[in-house]
Ligand SMILES: [Zn+2]
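Numbering (my numbering), first residue to last: 130 to 299.
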């Protein structure tokens with residue numbers, strides 16, 4: 130049984146320097162900005178893990194998030210399952226430390242890496258929500274099986290947009 134990470138607050142710099150790690154579950158309902166984009170999947174939970182690392186190249190946090198929730202298809206307004214599996218490296222920038230360049234010395238872009246300002250009381254779910262929102266498509270659409278409001282199932286009825294579209298047909 131995984132622990133819940135809701136309410137987990139930590140000192141990002143200390144966490145990285147001490148090489149700490151923590152993992153557990155974050156229910157989608159604890160991520161309000163994400164929840165706004167979703168269809169009836171608030172009971173879903175995301176598996177999350179974060180670990181710290183201190184190296185010559187600075188203080189780092191590795192964050193992984195995986196799980197599934199339903200987005201709203203922007204073509205048919207039906208629900209659309211979306212699986213997330215993100216893995217990101219966050220460089221923790223201490224006060225007074227220069228912000229890193231966007232590019233590595235060899236000119237290659239540092240893909241999947243981001244920098245955050247050190248925070249002595251960082252709410253973990255804020256970090257997770259930020260990264261998950263970046264990974265969610267802005268206008269998700271079904272690849273296949275996209276039938277405009279053909280099915281009158283419960284999930285569609287629960288969406289105010291779907292209900293509005295249904296009303297307009299009459
Ligand atoms: Zn669709």
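Heads up, the beta-carbon is just placed ideally off N, CA and C, and yes, glycines get one too.
I need the DSSP call for residue 161, collapsed to helix, strand or coil.
DSSP places residue 161 in helix when its eight states are reduced to three.
Return yes when at least one heavy atom of ligand 1 lies under 8 angstroms from the C-beta of residue 212, else no.
No; taking the cut-off as 8 angstroms, the Cβ of residue 212 has no heavy atom of ligand 1 nearer than that.
Using DSSP's beta-bridge definition, name the partner residues of residue 182.
DSSP lists 189 as partners of residue 182.
Is DSSP giving residue 262 helix, strand or coil here?
Looking at residue 262 - three-state DSSP - the assignment turns out to be helix.
If I'm right that residue 157 touches residue 134 with Cβ under 8 angstroms, what's the distance once you round it to whole angstroms?
At roughly 13 angstroms, the Cβ-Cβ gap does not stay under 8 angstroms, so residue 157 and residue 134 are not in contact.
From 204, 252 and 246, pick the residue whose C-alpha is nearest to that of residue 272; which is it?
Considering only alpha carbons, the answer is 204.
Would you call the stretch 176–183 in contact with the stretch 139–150, where contact means no fewer than 3 C-beta pairs closer than 8 angstroms?
These segments touch.
I want to check one thing, is the minimum distance from the CB of residue 268 to the heavy atoms of ligand 1 below 8 angstroms?
No, the beta carbon of residue 268 sits no closer than 8 angstroms to any heavy atom of ligand 1.
May I ask you to list the residues that DSSP assigns as paired with residue 137?
The partner list for residue 137 (beta bridge, DSSP) is empty, contrary to what the question assumes.
Compare the C-alpha of residue 252 against each of 170, 245 and 139 and name the closest.
Considering only alpha carbons, the answer is 139.
Would you say residue 275 touches ligand 1, meaning its beta carbon is less than 8 angstroms from a heavy atom?
For ligand 1, at least one heavy atom lies less than 8 angstroms from the Cβ of residue 275.
For residue 245, name the three-state secondary structure that DSSP assigns.
In the structure shown, residue 245 sits in a strand (DSSP, three-state: E or B).
In three-state DSSP terms, what is residue 268?
Here residue 268 sits in coil by DSSP.
Quick check on residue 199: does DSSP put it in helix, strand or coil?
Residue 199 falls in the strand class under three-state DSSP.
Name the residue from 229, 248, 246 and 219 whose alpha carbon lies nearest to the alpha carbon of residue 260.
The residue with the shortest Cα to Cα distance from residue 260 is 219.
Give me the residue from 200, 188 and 131 with the minimum Cα distance to residue 169.
The candidate whose alpha carbon is nearest that of residue 169 is 200.
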